[in-house]
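Visitor: Input: one structure, supplied below.
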Amino acid sequence: MNQALKKIVGPRIHPDEWAAHRGRYLLPSVLLVLAAVMLLVSIFLPYWHMQLNAPQYPGGLHVIGYVNHLSGDVHEIDSLNHYIGMRPLDEAAKFEKATAVMMITALSLLVLGAVFIHSKWAALLSVPAILFPIGFLVDLYLWLSYFGNNLDPTAPLSSSIKPFTPPVLGTGKVGQFETVASAQSGLILAAAASLVIIVALWRHRAAYKPLVDKRTEQSSGDDSPPQKSDMTD
Amino acid sequence: MKSKLLGTALLVCMIAFVPGCGGSEEGAPASSQSGANDGNTTEAIVAERNLSPDDVRAALLTYQPSGRIDDYIMFASGGHAGQVFVIGMPSMRLLRSIAVFTPESWQGWGFGVGEDILAQGNIAGKEIRWGDTHHPALSETNGDYDGEWLFINDKAHARIAVIDLRDFETKQIIKNPIAINDHGGAVVTPNTEWVIEGGQYATPLGWDYAPIEEYNDSYRGSVTFWKFDREKGRIDPDRSFAMELPPYWQDIFDAGKLVSDGWVFGNSFNTELATGGIEDGNAPFEAGASQRDADYMHIINLKKAAKVYEAGKFTRVKGFPVISLQTSIDEGLLFFTPEPKSPHGVDVAPKGDYIVISGKLDPHVTIYSFKKMMQAIADKNWTHDQYGVPILDFDAVVEAQVEVGLGPLHTQFDNRGYAYTSLFLDSQVARWTLGGAYSDLHDEPDWSVAAKTSIHYNVGHIAAVGGDTVNPGGKYLVSLNKWSVDRFFTTGPLLPQNFQLLDIGGDGDKMQLLYDMPMGVGEPHYAQIIKADKLKPWKVYPEIGWDPATQSVSPYAVMPGEERIERNGKNVDVYMSVVRSHFNPEHVEVNQGDHVTWHLTNVERALDATHGFAIPAYGINLSLEAGEALTIEFDADLPGTFTFYCSEFCSALHLEMTGYFRVKPTEVAVATE
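Going down the list, the sequences are from chains A and B. Residue numbering for the first sequence is 932 to 1164, as defined by this note's numbering. Residue numbering for the second sequence is 97 to 769, as defined by this note's numbering.
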């Protein structure tokens, strides 16, 4: 194992140390595994919901966003949107929807990978997963903004509806429709996973920083190879 | 004044739920301090509108606030409007009509929709475009309405129609090959195995010509048993048969149930064999057919008749299997018993044990015991009529007679041991008690009149909730009155019929009239009332491109992006999608003489997103409900520029939902080629 890789993987825990402070090292690993599982489960849950309320739709129209598809009254919303020249909803985020399951799986694997990294590099592996919920909302905002601001100028109602960006979360107004957008269980779970990862990284640092520091001290004073191969991970 | 005060007190009691509002007259002034802001207002309304306590009660029982859906649905025939009407109860609001035998342009029926089904009702190539619907019959499972299908007869032409209650559309019209008119249907057996259709005025079977002098020998009555294939949702004429009957003018039939399952009962009103001829100085039919004191109830062993049919013991008339009168006699399929003359109504009680016949010209209802009938048949306690049919001894089969009033016609039942009979001449509905197994359900003596309520006027049929099933619901009864006279604003000499709602849920001696509903769109005869939650109608068609005629996706469904016009010689096929607020394509140009086949699909999925499609001068107007696909065909024989448009207001841009159909005159078409 070359030095660079060793540095990334970080020090191993001495069996005596493991036996003495098992909880200290176990906690971040358990939290990281939990976060990865939460992220994976979120694939099957709705991330986002928008309700459109108007007098002639008692109960409202609903669009429910999953990471890989839309469901609800998409057909009806599309047929209404053509009046203002908005593109069909399914044309939005095609790449994201097509790759979402793969991407989330990859993020989860990175988080799982961090379990085996006992250096600050673990944080780097986890960063994509931490940022994922924000990334989802930013992406959603960009698409909503793109759709709302690129209306077909020849649409029937193009002169009476000005370009707009529907709120990603919260309420808005388009024509006679009030829009109410909210985060759903999938997104909440992903956000919770982010927090769990942050807690895990905090405990990770508390557990491994002393080991890393110790090894740095040793290597600066003595070029001898690290301790024997009875390491554990 | 007293009644006004009482009315106010009652209203305030009911609205404000004032505790201890015990009906004392002092309660009325106190009510103005009851705290409700509108107390004075409601009081003032009651006074100003001169409403009695009963009026207030009736209003409170029938008023539906906006958005509240009725608990019961009534299907009423439309008489010679040829349709069926769907009415919500207790509000008595007309919800919609169902076009059946008569073209109806709102539904597009006969204007491009349902042409093939209407054509099934043609007679010997003659196009028949009206009907006289009399008796709706909801499909039954174990003797109770199941809310799946509705059958209706056309008295004028002896036809039966099948309506699918998923989309409330007519799916089949079947012409009876041996009868030219009917009245004894539609009636279903307890599991809808058979739809019964009795002919009425006798003709030679198959309505071939025969001089009236040959009436006794050549003219015949009939009853047809149509096999209903529930899987396919259609009557299967290849598994159906009829029975020849004497020319006694059979009126109406009812199917046995529970103990009498497998038997069918009918009545007749011209056992005199009168042939009329007032113009020759003979007694007119009305007198000639009313001479004898008794006519004959018909008692038919359907279960056995089906076996006789399956055994091939029938002849064919116009290709249709008919069990001859002689075979019926030989096989023991048909029996008579005397009934009060010129009767109306033959109604089987909920447990199937009694059959009630109204005398019409006799003030009694006569109640027959099914058990006694079976005994009389076993005992061969009979004489014979002139055709050799056994006539069971009246005294041996009758259970009771109840004097109900003048002109008794039809009987319905409730869940408290009461029967209800319409009294045409007295313009009343009578409630009377059943005996036997029903005796414990009521407090009054068996076989006695408990209450009468006056109606306005000339009641024909009555309909109670599930009133002809094994499981009647009580609560409401509707009196289908023929005359309204002074009940409504006079709309010229043609007045509406009057449906009157009666509360039959109260004490035995009370039967309050709650509501008058004018029926100014037809002349209903009979109705059936089902609990609304038993119906499971579709909100929109299940898939885009749905063909209601086959209840499956049409091979010609047009999905968005598939719109096109194809020309093949003189045949032009248009594939058009329909959505708010445009047709696609919007321009269709053909040459004069082209044969145009136009496929349209409403690609909407929203509740109530119906579009119309009208082409002027070509007699086309479609109703395309959400998801529906229709195909129309016509020859473009009239040249010109025609503006097609959406005829059902669909959206804010409804006016813009239009297009041009241009038919190039032959000379122009030739010149430009």
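Every residue, glycine too, gets a C-beta built ideally from N, C-alpha and C.
Taking 8 Å as the cut-off, decide whether the C-beta atoms of B/LEU301 and B/VAL319 are in contact.
Guide: Their beta carbons are not under 8 Å apart, which means B/LEU301 does not touch B/VAL319 by this criterion.
Visitor: Per DSSP, which one or two residues make a beta bridge with B/TRP642?
Guide: For B/TRP642, which the question treats as bridged, DSSP gives the partners B/VAL649, B/GLU724.
Visitor: With DSSP collapsed to three states, give me the class of A/HIS1006.
Guide: DSSP places A/HIS1006 in helix when its eight states are reduced to three.
Visitor: Tell me where the beta strand (DSSP E) around B/TRP478 begins and ends.
Guide: First-last of the beta strand (DSSP E) with B/TRP478: 478-480.
Visitor: Going by C-alpha distance, which of A/ASP1083, A/ARG1146, A/ILE1061 is nearest A/LEU1170?
Guide: In this structure chain A extends from 932 to 1164, so residue 1170 of chain A is not present and cannot be described.
Visitor: In angstroms with no decimal places, state the Cα-to-Cα distance between B/GLU122 and B/ASP250.
Guide: Low local confidence applies: a pLDDT of 40 at B/GLU122 is under 50, so the model's placement there is unreliable, with the coordinate-based value given in what follows. For B/GLU122 and B/ASP250, the distance between alpha carbons rounds to 58 Å.
Visitor: In the stretch 992-1010 of chain A, which residues sit with their C-beta less than 7 Å from some C-beta in chain B, listed in chain order?
Guide: Residues passing the 7 Å Cβ filter: HIS1006, GLU1007, SER1010.
Visitor: Taking the continuous alpha helix (DSSP H) assigned at B/PRO149, which residues delimit it?
Guide: Per DSSP, B/PRO149 belongs to the alpha helix (DSSP H) from 149-158.
Visitor: Please list the segments of the alpha helix (DSSP H) lying wholly inside the stretch 444-520 of chain B, counting only runs of 4 or more residues, in order along the chain.
Guide: If we require 4 residues or more, the alpha helix (DSSP H) runs fully inside the stretch 444-520 of chain B come out as 466-474, 490-493.
Visitor: Please work out which residues of its chain come closer than 7 Å, Cβ to Cβ, to B/PRO568, disregarding the five sequence neighbours upstream and downstream, and give them in chain order.
Guide: Counting only Cβ-Cβ distances below 7 Å, and skipping sequence neighbours, we find PRO446, PHE509, ASP510, ASN511, ALA560, VAL561, GLY562.
Visitor: By alpha-carbon positions, which one of B/LYS271, B/LYS399, B/GLY531, B/ASP426 ends up nearest to B/PHE416?
Guide: That would be B/LYS271, whose Cα lies nearest to the Cα of B/PHE416.
Visitor: Which residues in the same chain have their Cβ closer than 6 Å to the Cβ of B/TYR652, if we skip the five residues on either side of it in sequence?
Guide: Closer than 6 Å at the Cβ level, and outside the excluded window around B/TYR652, lie HIS695, THR727.
Visitor: What residues from the stretch 698-732 of chain B come within 9 Å of chain A, judged by C-beta to C-beta, listed N to C?
Guide: Within the stretch 698-732 of chain B, the residues whose Cβ lies closer than 9 Å to some Cβ of chain A are VAL699, GLU700, ARG701, ALA702, LEU703, ASP704, ALA705, listed in chain order.
Visitor: Mind reading off the beta-carbon distance from B/ILE487 to B/TYR392? Whole number of angstroms is fine, and I expect it under 8 Å.
Guide: The pair is a contact, with the Cβ atoms about 7 Å apart (cut-off 8 Å).
Visitor: Could you tell me whether the Cβ atoms of A/SER1050 and A/LYS938 are closer together than 8 Å?
Guide: In this structure, A/LYS938 lies closer than 8 Å to A/SER1050 by Cβ.
Visitor: In whole angstroms, what separates the C-alpha of B/GLY657 from that of B/SER673?
Guide: If you take the alpha carbons of B/GLY657 and B/SER673, they lie about 9 Å apart.
Visitor: Please decide whether B/LEU696 counts as near chain A, where near means a Cβ-Cβ distance under 8 Å.
Guide: B/LEU696 does not count as touching chain A.
Visitor: A/PRO1087 versus chain B: which residues are under 8 Å apart at the beta carbon?
Guide: Within 8 Å Cβ-Cβ: SER677, LEU749, GLU752.
Visitor: Does B/GLU121 have its Cβ less than 8 Å from a Cβ in chain A?
Guide: Reliability fails at B/GLU121, whose pLDDT of 40 lies under 50, so the model's placement of it is uncertain and no value is given.
Visitor: Using only the alpha-carbon positions, how far apart do B/SER535 and B/ALA306 sit?
Guide: C-alpha separation (whole angstroms): 52 Å.
Visitor: Check the DSSP bridge columns for B/GLU139 and list the partner residues they point to.
Guide: In the DSSP output, where bridge partners are listed per residue, B/GLU139 has none listed.
Visitor: Please report the distance separating the alpha-carbon of B/THR198 from that of B/GLY618.
Guide: Rounded to the nearest angstrom, the two C-alpha atoms are 12 Å apart.
Visitor: Find out if the Cβ-Cβ distance for the pair B/THR429, B/TYR483 is shorter than 8 Å.
Guide: Per the sequence presented here, residue 429 of chain B reads as Leu, with Thr not at that position. Not in contact: B/LEU429 and B/TYR483 (Cβ atoms no closer than 8 Å).
Visitor: Just the C-alpha distance for B/GLY373 and B/GLU724, rounded to the nearest angstrom, thanks.
Guide: Whole-angstrom Cα-Cα distance: 53 Å.
Visitor: Please report the straight-line C-alpha distance between B/THR507 and B/LYS400, rounded to a whole angstrom.
Guide: When rounded, the distance between both Cα atoms is 28 Å.
Visitor: Should A/TYR1077 be labelled buried (16 or more other beta-carbon atoms within 10 Å of its own) or exposed?
Guide: Per the 10 Å Cβ criterion, exposed.
Visitor: For B/GLY311, which residues of its own chain have a beta-carbon under 6 Å away from its beta-carbon, when the five flanking residues on both sides are left out?
Guide: Before going on, a small fix: residue 311 of chain B reads as Tyr here, not Gly. The answer, listed in chain order, is THR371.
Visitor: Taking Cβ to Cβ, would you say B/ASN287 is nearer than 8 Å to B/GLU236?
Guide: It is a contact, given that the beta carbons lie within the stated cut-off.
Visitor: Comparing C-alpha positions only, which one of B/THR423, B/ASN717, B/ASP481 sits nearest to B/TYR344?
Guide: Ranking B/THR423, B/ASN717, B/ASP481 by Cα distance to B/TYR344 puts B/ASP481 first.
Visitor: Tell whether a beta-carbon distance below 8 Å holds between A/PRO977 and A/ILE995.
Guide: Taking 8 Å as the Cβ cut-off, A/PRO977 and A/ILE995 qualify as a contacting pair.
Visitor: If we call anything under 8 Å between Cβ atoms a contact, is B/MET615 one with B/PHE584?
Guide: No, the Cβ-Cβ distance between B/MET615 and B/PHE584 is not below 8 Å.
Visitor: Is B/PHE757 near B/VAL684, with beta carbons less than 8 Å apart?
Guide: Yes. Within cutoff.
Visitor: As a quick exercise: from B/GLY455, B/SER173, B/LYS666, B/ARG153, pick the residue whose alpha carbon is nearest that of B/HIS621.
Guide: For B/HIS621, the nearest C-alpha among the options comes from B/SER173.
Visitor: Thinking B/LYS630 and B/GLY243 are a contact (beta carbons under 8 Å), I'd like their distance in whole angstroms, please.
Guide: Indeed, because the Cβ distance is near 4 Å, the residues count as touching under 8 Å.
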